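Heads up, the sequence shown stops at 145 in the numbering used here, and the numbers go up one at a time, no gaps. All C-beta atoms, glycine included, are put in the ideal place defined by N, C-alpha and C. Note that the structure is predicted; figures quoted are calculated from it, not measured. Only one structure is covered here, and it is reproduced in the block below.
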Amino acid sequence: MRRIIVLVSVILISFFGCKGLSTQKDIANVPVSSAIELVDNTSKLQLIDVRTPEEYQAGHLEGAANIDFFSDSFRAEIEKLDKHKPVLVYCKSGGRSSKSAAIFKELGFTKIYNMEGGITSWNEAGYKTVK
Numbered sequence: 015m016r017r018i019i020v021l022v023s024v025i026l027i028s029f030f031g032c033k034g035l036s037t038q039k040d041i042a043n044v045p046v047s048s049a050i051e052l053v054d055n056t057s058k059l060q061l062i063d064v065r066t067p068e069e070y071q072a073g074h075l076e077g078a079a080n081i082d083f084f085s086d087s088f089r090a091e092i093e094k095l096d097k098h099k100p101v102l103v104y105c106k107s108g109g110r111s112s113k114s115a116a117i118f119k120e121l122g123f124t125k126i127y128n129m130e131g132g133i134t135s136w137n138e139a140g141y142k143t144v145k
């Protein structure tokens with residue numbers, strides 16, 4: 015019985031003790047109302063639109079860089095960004111940006127925000143875009 019208690023204790027300590035040492039950060043899925051606050055109030059925010067160039071040209075958030083999710087150079091373009099600065103990523107409705115956020119996380123970015131509903135929700139909320 016004593017061995018079982020010791021074994022369970024070691025397993026629990028290993029699991030919970032190492033959990034705090036993880037270097038992976040969570041992705042924050044934020045609604046448009048939070049995204050606008052990030053855009054307005056977060057210094058050094060990297061705003062990334064992962065739609066196609068045609069979608070981007072039709073209207074995008076002011077200051078957003080376009081890195082096409084479907085491009086062969088997508089990962090290489092992401093690697094050029096500062097991994098220590100916060101990133102807000104968006105697409106048309108949230109699908110590509112969710113996948114992109116996971117790639118940002120995989121590549122070691124520390125603060126990742128995914129705008130839920132994409133630019134569609136942004137427009138529906140009445141916020142402006144630029145062309």
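The alpha helix (DSSP H) enclosing residue i, as first and last residue numbers
i	result
Leu-52	46-55
Tyr-127	Where Tyr-127 is concerned, there is no enclosing alpha helix (DSSP H), although the beta strand (DSSP E) it sits in stretches over 126-129.
Lys-119	109-120
Phe-88	88-93
Ser-135	132-138
Residue from the options with nearest C-alpha to residue i
i	options	result
Ala-78	Glu-138, Gly-132 and Ile-41	Gly-132
Asp-96	Thr-143, Asp-54, Phe-84 and Leu-59	Leu-59
Val-103	His-74, Ala-139, Gly-140 and Tyr-141	His-74
Glu-91	Asp-82, Thr-124 and Ser-57	Asp-82
Exposure of residue i, with buried meaning 16 or more beta-carbon neighbours within 10 Å
i	result
Ser-114	buried
Asn-128	buried
Ala-72	exposed
Inter-residue Cα distance where the pair is residue i and residue j
i	j	result
Asn-137	Leu-61	16 Å
Lys-145	Tyr-70	8 Å
Val-45	Ile-126	Position check: residue 45 holds Pro in this sequence, whereas Val was assumed. Going from the Cα of Pro-45 to the Cα of Ile-126 covers about 14 Å.
Thr-89	Ile-117	In the sequence as displayed, the identity of residue 89 is Arg instead of Thr. Distance between the alpha carbons of Arg-89 and Ile-117 is about 8 Å.
Glu-76	Glu-130	18 Å
Ser-47	Asp-54	11 Å
Val-101	Ser-111	11 Å
In DSSP terms, what residue i is bridged to
i	result
Tyr-104	Asp-63
Ala-79	Ile-62
Ala-42	Tyr-127
His-74	Val-144
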